[in-house]
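Everything in the first sequence is counted per this note's numbering, starting at 96 for the first residue and increasing by one.
This report refers to the structure that appears directly beneath it.
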Amino acid sequence: MTIERTASAAGVGAADDTPPFRYTAAMANDIEAKWQDVWEETGTFNTPNPVGELSPTDGKPVADDKTYVLDMFPYPSGKGLHVGHPLGYIGTDVWGRFLRMTGRNVLHTVGFDSFGLPAEQYAIRTGTHPKVTTDENIARYRSQLRRLGFAHDQRRSVATTDPEFVRWTQWIFTQLFESWFDPQAEPAPGGGQTGKGRARPIADLIGEFSSGAREIPDGRPWAELSKADRAAVVDSYRLVYITEAPVNWCPGLGTVLSNEEVTADGRSEIGNFPVFRRSMRQWMMRITAYGDRLIDDLDRLDWPESVKSMQRNWIGRSYGAQVAFRLADDAHAGAGPIEVYTTRPDTLFGATYMVLAPEHPLVDTISAAEWPADVPESWTGGAATPIDAVAGYRLAASRKSDLDRQENKQKTGVFTGAYAVNPVNDNRIPVFIADYVLMGYGTGAIMAVPAHDARDYEFAGVFGLPIVDTVERPEGMPSDEFHGGEGPAINSANDEVSLNGMAIDEAKSTITRWLQDKGFGHPRKQYKLRDWLFSRQRYWGEPFPIVYDADGIAHSLPDTQLPLTLPPLVDFSPADLDPDDPNSEPVPPLGKATEWNTVTLDLGDGEQTYTRELNVMPQWAGSCWYELRYLDPTNSKSFCDPENERYWMGKDPSRPNDPGGVDLYVGGVEHAVLHLLYARFWHKALFDLGHVSSEEPFRRLFNQGYIQAYAYTDARGVYVPAEDVTEETPGEFRYQGQPVHREYGKMGKSLNNVVTPDDMCAAYGADVFRMYEMGMGPLHESRPWQTRDVVGSQRYLQRLWRTVIDEDTGAVRVSDDAPDVETLTLMHRTIDGVRTDYAAMGYNTAIAKLIVLTNHLTKSGVDPAREVVEALVLMTAPLAPHVCEELWNRLGHDESLAHGPFPQADAEFLLDETVEYPIQVKGKVRSRITVPADADAAAVEATALADEKIVELLAGAAPRKVVVVPGRMVSIVP
RNA sequence: GCCCUCGUAGCCCAAUGGCAGGAGGCGCCAGCCUAAGGAGCUGGACAGUGUGGGUUCAAAUCCCACCGAGGGCACCA
């Protein structure tokens, strides 16, 4: 085993002459266990709140200067942690520890995203209750995390499965259920949003309906509506609503999935089962109401540009026009018109045909009984009539999986036999159905402009449809080449309007205005984002706080009924469904809890019998607001006291247009759209309803990289234990003498290359492991794990140890003499650099600077000065907290260094008295001069030009140009 | 196909317009220490920045094209 080998190499059980007081893995383990106990017993990292149970016991006010640092909390899987998982946690821990040492009030903890499918599937297989599995896994995670020495406030470590947590998740759900989005409302006070629109209590809406201030969409008077009709009207406004919707039904998992949980090839992200599109009754969250704010407020966030661009792309806002095309023939009088959405209304004159999605509701109405005369064979799909052709095409399309659709790049479709009229030029254009038009986007119908849309161009090529240019080609572009670019409009005029000569933008607005004047269309804003499918037919999730009355009307449970906990079950399986049968019906596991799912309640109309909602929430629910619960985890009156929220997450008036939120949120980029979009949505709704002062949950986001690993396969293709592979000659790898093939990628059990933090702690100690992970490179970059490199970090901590402790006697060996000027100068420059690096999470460079200072002390050969050693210990503490606490303690300090002091750089030592300037001639360094640091540019230039070598090079000629970069260099152009 | 990252010694990385006089680490070589091995200590070798153009007094850094790696999206009208 590599671990044992390395451990002995590190001194554990090695030859007898290992000095007795060396910082070995065994020593490190003792020290680490000791300090972890001390921190826990004394509550070193308990962070005070302004108010509530966690406010200071001594009544002192909390520090103004605070930082809230957050990790994406883990799902506690049965596999435990590998060395890749804690990378981000160590990164935030170092940052938090550094800031705490500089005097800040730092909030840092970690909880558990503990609802989820794996525990439930395990329960289905074994009958073990998911709670049992989950609790075991959480306990294991807690002990693994504790072993790494995180400065977490354990009192705040909550799990989404805790009944108290579930209570507030359900409470927020009822808040959303009891709200609607009013697009005309003025923004909530204190918001930075520019447009109108915000969530309001549903009671306001009912008030407006009953007073007549607001009309019901279909114009009926409120007073005349039945109870059920009223409920239907109101329900259609709620932020959470039930609808019959096309969903991703996954019989293999017995549940529906959100779009985000389905892979591009039409299978489930979890389990890789087939997923089918079909219509079902489902709960939805109206996230689309927040489309504009979710996209606009990205500009106010300090997030990686890539994540912002992924969210923009996902929300997919576009501006265009909706245009109505009437049908050409009397046979269709009364049907239509066909409404299309286009982002290129300027090309309307080039629309030479139309396409409806196969599922479009108008298809049945317009399909002709017979083919018109002269229809090309290719348009008919070989069918006798358009009705047959359409039916055949639809059947074929429904059988095709999404994967088939993508693999079949050739455009397909059939003619419906119907014609429409292009409103700008009265041209009669054929209407097709084709699966390249999707029912779920826009109106499910398009006007096809083959001249300027690549997909339409391709389709027109297959079906021999006319192509009319309406944008002028660049000079020299062949007329048969596809042109999707810009240019002045051509061929675009009728008796009333001409776009010819206009640029695209002007042409768009001109034609849209004309369409609107004529009643043919209007501007339209469109999103790719759909409402969020919120129900799952599972067991291990939050039950909906919803009951249905005898009329089937949904009611939210009153707060006093929360939390609504899961009923005990024996059999957790949803139903034994054939994974390949799209027509199977979901049977939620909660349906089996017959006692639980009927309840007698008084919801204001006297005691009545209600039935419970049997769906549960998706796993995303808890992660939509957990950052708020960390702030006030013991609060039983609200999910979070407003004062605590304002203190930790409120807007910072010193930042322009600050949305507030967590000061630093670190996690993997895989959550770029799912979790981060849902959490933003909930937070904005909570803001609108006045429950939080911040408009965004995460002010700053940072994506850590991944730790990747090599994996090795032998001749049979079997993964061999990576830790036992040797590299005999560069690039040639062997396992038990046999050559093996190297791959690079994930760390995982199936790849036989897992290294765990427990292994590393045993072999080196947590501090060495932390140093190594932080020293490997910048936190945001992925890097390969290499156990053999870890020893470098151990050597550093051993040298640091030796600067304080005599390895033979165990005595503290620092000198109380003043350090020499050179050492002092290096120390202050190190302090300055390390402070900057820590603040910017540049840990790898901070470590390099600490090593330089340590090496300097080591080389001097004398007992190092206390002043320098103490600075070094304090500066290393965020990275290697246990050994530094120990050294700090042995240096005579009784107080933990967790709250500082952090060394201050003395500016006096940061500036040189003289500066050496390289002198470039024609871009090459030809000489060097040394001048006083305060010399001005003219003086530097004069000295440079007077330099012997330069005089020689210039040979008497005056230089054409001299560039002096203060403090850096001189560049001469002869 | 489109979008986003990223290419610097054998390997991980630093320098983001200003001396690659490489910050640091691993590995390698040598010396000291040792009975020896390991560890420790001291010293050393090794790249001219993926390729080709351009801007500039000056480019690893900015711009363009290409090559390679990783990630995201994928008929969104």
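Glycine included, every Cβ here is placed at the ideal spot set by N, Cα and C.
Go ahead and label residue i buried or exposed: buried means 16 or more other beta carbons lie within 10 angstroms of its beta carbon, across all protein chains shown.
i     : result
K779  : buried
K506  : buried
P258  : exposed
R523  : exposed
A463  : buried
Y839  : exposed
M970  : buried
T137  : exposed
D819  : exposed
R1063 : exposed
G191  : buried
L348  : buried
G647  : exposed
V964  : buried
P569  : exposed
K322  : exposed
E356  : buried
S331  : exposed
Within the same chain, show all residues whose beta-carbon is closer than 8 Å to that of residue i, passing over the 5 residues directly before and after it, in chain order.
i     : result
Q406  : L389, I390, L393, A767, V768, L771, L772
P115  : E902, D903, G905
H650  : I641, V642, Y643, D644, L698, Y705
V1065 : Y1012, P1013, I1014, Q1015, I1024, V1035, E1036, A1039, V1057, V1058, V1059
Residues in the same chain with beta-carbon distance under 6 Å from residue i, minus the five sequence neighbours each way, listed in chain order, please.
i     : result
I365  : L212
I1067 : V1016, P1054, V1057
G539  : A452, H455
Between residue i and the rest of its own chain, which residues show a CB-CB distance below 7 Å, the 5 nearest in sequence each way excluded?
i     : result
M597  : P583, A584, T605
A1052 : P1069
E1070 : The requested residue 1070 is not part of the displayed model; the chain covers only 96 to 1069.
P998  : I926, A966, L969, M970
A716  : T264, E637
R250  : N141, L149, P728
T851  : G175, L176, H177, V178
So the alpha helix (DSSP H) residue i belongs to, where does it begin and stop?
i     : result
F828  : Segment 827-830 is the beta strand (DSSP E) holding F828; no alpha helix (DSSP H) there.
I1024 : Here I1024 belongs to no alpha helix (DSSP H); instead the beta strand (DSSP E) covers 1019-1027.
W406  : Reading off the sequence shown, one finds Gln at residue 406, where the question assumed Trp. First-last of the alpha helix (DSSP H) with Q406: 400-410.
A941  : 938-955
A972  : Per DSSP, A972 belongs to no alpha helix (DSSP H) and is neither H nor E.
N984  : 976-985
E1047 : 1043-1049
R395  : Neither: R395 is in no alpha helix (DSSP H) and is coded neither H nor E.
R930  : 916-934
L182  : 181-196
In terms of residue numbering, what span does the beta strand (DSSP E) encompassing residue i cover?
i     : result
K732  : Unbroken run through K732: none, as it is neither H nor E.
D166  : 161-166
G1075 : Because the chain in this structure spans residues 96 to 1069, residue 1075 falls outside the shown range and cannot be described.
A515  : 509-516
A540  : 540-543
Q833  : 833-840
Can you find a heavy atom of the ligand GDP that lies under 7 Å from the Cβ of residue i?
i    : result
D469 : With respect to small molecules bound, the structure shown includes none, and the ligand GDP cannot be examined in it.
- Every unbroken beta strand (DSSP E) within the segment 591-658, with a cutoff of 3 residues, ordered by chain: Complete beta strand (DSSP E) runs here, min 3: 616-621, 641-643, 649-651.
- Task: Mind listing, in chain order, the continuous beta strand (DSSP E) runs of no fewer than 3 residues lying wholly within the segment 208-287?
- Result: If one requires a minimum length of 3 residues, the beta strand (DSSP E) runs lying completely within the segment 208-287 are 274-277, in chain order.
- Item | Length at least 4, wholly inside the segment 418-470: the alpha helix (DSSP H) runs in chain order | If we require 4 residues or more, the alpha helix (DSSP H) runs fully inside the segment 418-470 come out as 457-461.
- Item | Within the segment 310-375, ranges of the beta strand (DSSP E) (whole runs, at least 3 residues) | The segment 310-375 contains these whole beta strand (DSSP E) runs: 335-345, 350-352.
- Query: Is the number of C-beta pairs between the segment 514-522 and the segment 606-618 that are closer than 8 Å three or more?
  - Reply: Enough Cβ pairs lie closer than 8 Å, so yes.
- Message: I'd like to know if the segment 439-450 and the segment 541-557 are in contact, where contact means that at least 3 CB-CB pairs between them fall below 8 Å.
- Response: These segments touch.
- Message: Using a Cβ distance threshold of 8 Å, determine whether the segment 740-747 contacts the segment 684-695, with at least three qualifying pairs required.
- Response: No: fewer than three Cβ pairs fall under 8 Å.
- Item | Contained beta strand (DSSP E) runs [length at least 3] in the segment 673-701, N- to C-terminal order | Counting whole runs of 3 or more residues, the segment 673-701 contains the beta strand (DSSP E) stretches 693-697.
- Message: Counting beta carbon pairs with one atom in the segment 180-188 and one in the segment 861-876, are three or more of them shorter than 8 Å?
- Response: Counting Cβ pairs under 8 Å, three or more are found: they touch.
- Task: Could you pull out every unbroken alpha helix (DSSP H) segment of at least 4 residues lying fully inside the segment 753-801, listed in chain order?
- Result: For the segment 753-801, the full-length alpha helix (DSSP H) segments reaching 4 residues or more read 769-783 along the chain.
- Do the segment 228-238 and the segment 623-632 meet, that is, are 3 or more Cβ pairs less than 8 Å apart? These segments do not touch.
- the segment 213-226 / the segment 885-896 touching (three or more Cβ pairs under 8 Å): Contact check between the segment 213-226 and the segment 885-896: fewer than three CB pairs, one atom from each, fall below 8 Å, which does not count as touching.
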